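> Numbering (my numbering), first residue to last: 1 to 188. Cβ coordinates follow ideal geometry from the N, Cα and C atoms, glycine included. Source: prediction; values computed, not measured. One structure, as structure tokens, below. Some questions next.
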Amino acid sequence: MIKLFRNIRKKLLREGKATNYLKYAIGEIVLVVIGILIALQINNWNSNRIQNTNELLLSKRLLEETQRNLVTLRTDSLIAETSRSSALNILHLIGLDTNQVAERTLDSLVFKILASPSLDFNSSVLDEALSTGQVANFKNDSLKDIIYTLPAKLKKVKEREKIIDEESNKHLVPLIYEFTSLRNIDYT
1 MIKLFRNIRK KLLREGKATN YLKYAIGEIV LVVIGILIAL QINNWNSNRI
51 QNTNELLLSK RLLEETQRNL VTLRTDSLIA ETSRSSALNI LHLIGLDTNQ
101 VAERTLDSLV FKILASPSLD FNSSVLDEAL STGQVANFKN DSLKDIIYTL
151 PAKLKKVKER EKIIDEESNK HLVPLIYEFT SLRNIDYT
């Protein structure tokens, strides 16, 4: 193809047709520029398509991870509700005559209070998205804000859990060992 254009240019120069040569050269330059612009546009279109596909795949993976975390959170929420309910039951037992309170009941309620869950949030997809910078490609700004702030919120929850565990181990567990017996616990 290049050889053909070169031969046409040489022929026009030999024949002394400088104006035709200039017209032809300008036309050739315009065609090359148009070709480059078309190639750039196709490349941009393809890059946008790939970026949109990657955003969609990442969104699906984040949604799946969030759904799995929600299942875990619901289970943990039920355990926490049982723990809360047991604590309320113990509060209602305070002040009653010891003959009215079965030792097995009290010990079982105490056991249920200690069975409080901890947040085991799986964040592997989230961590990957943040570390690779893929979140920045999301078009939805509110979703980006949620994703960027989530690790800090999870860290706060973990810190609070740690404080609660430390306080429980320091104050509650010694009391439980002093006043209850593991033999009387109903583990159901």
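Measuring straight from C-alpha to C-alpha, what distance separates L126 and K144?
Locating residue 126 in the sequence shown gives position 126, counting from the first residue. Locating residue 144 in the sequence shown gives position 144, counting from the first residue. Their Cα atoms are separated by approximately 11 Å.
> With respect to the alpha helix (DSSP H) encompassing S118, which residues constitute its N-terminal and C-terminal limits?
Taking the sequence shown and counting its residues from 1, the one referred to as residue 118 is at position 118. Unbroken run through S118: none, as it is neither H nor E.
> Grab me the residues of E161's own chain with a C-beta within less than 7 Å of its C-beta, minus the 5 sequence neighbours each way, in chain order.
Against the sequence shown, residue 161 aligns to sequence position 161. So the qualifying residues of the chain are S118, L119.
> In or out: V110 buried (at least 16 other Cβ within 10 Å) or exposed?
Residue 110 sits at position 110 when you count from the first residue of the sequence shown. Buried.
> Return the chain-ordered list of same chain residues with a C-beta closer than 7 Å to the C-beta of T66, the five sequence neighbours on each side being excluded.
Your numbering for residue 66 matches position 66 in the sequence shown. Same-chain partners within the cutoff: there are none.
> Please state whether DSSP places A102 in a helix, a strand or coil.
Here residue 102 refers to the residue found at position 102 of the sequence shown. Taken through DSSP and simplified to helix, strand or coil, A102 comes out as coil.
> In three-state terms, what does DSSP make of S123?
In the sequence shown, the residue the question calls residue 123 occupies position 123. Coil, per DSSP.
> Measure the CB-CB distance between N122 and R68 and report whether it falls below 8 Å.
Working through the sequence shown from its first residue, we reach residue 122 at position 122. Working through the sequence shown from its first residue, we reach residue 68 at position 68. Their beta carbons are under 8 Å apart, which means N122 touches R68 by this criterion.
> The alpha helix (DSSP H) with I146 in it runs from where to where?
Translated into the one-based positions of the sequence shown, residue 146 becomes position 146. Taken as a continuous stretch (DSSP letters only), the alpha helix (DSSP H) holding I146 covers 141-167.
> Taking only the alpha-carbon atoms, compute the straight-line gap between S85 and K170 and give it to the nearest angstrom.
On the sequence shown, residue 85 is found 85 positions in, with the first residue counted as 1. On the sequence shown, residue 170 is found 170 positions in, with the first residue counted as 1. Cα to Cα, S85 sits roughly 23 Å from K170.
> Is it right to say V135 is buried, meaning 16 or more other beta carbons lie within 10 angstroms of its own, or is it exposed?
If you number the sequence shown from 1, residue 135 lands on position 135. Classification of V135: buried, given that the 10 Å Cβ count is 16 or more.
> Near I90, what residues of its chain come up, given a Cβ to Cβ distance below 6 Å and the 5 sequence neighbours on each side ignored?
What you label residue 90 is simply residue 90 of the sequence shown in a count that begins at 1. Closer than 6 Å at Cβ, skipping near neighbours: L109.
> Can you tell which of T72, I113, A39, N140 has its C-alpha closest to the C-alpha of A87?
Counted from its first residue, the sequence shown places residue 87 at position 87. The shortest Cα separation from A87 among T72, I113, A39, N140 belongs to I113.
> I need the DSSP call for E15, collapsed to helix, strand or coil.
Taking the first residue of the sequence shown as 1, we reach residue 15 at position 15. It is coil, neither helix nor strand.
> Would A129 be called buried (16 or more neighbouring beta carbons within 10 Å of its own) or exposed?
Here the question's residue 129 lines up with position 129 in the sequence shown. The residue in question, A129, is buried, as its Cβ has 16 or more Cβ neighbours within 10 Å.
> At the level of alpha carbons, what is the spacing between E178 and L70?
For the purposes of this step, residue 178 is taken as the residue at position 178 of the sequence shown. For the purposes of this step, residue 70 is taken as the residue at position 70 of the sequence shown. Each residue's alpha carbon lies about 37 Å from the other.
> Taking C-alpha atoms, which residue in I79, L154, K139 lies nearest to E55?
For the purposes of this step, residue 55 is identified with residue 55 of the sequence shown, where counting begins at 1. Nearest of I79, L154, K139 to E55, Cα basis: K139.
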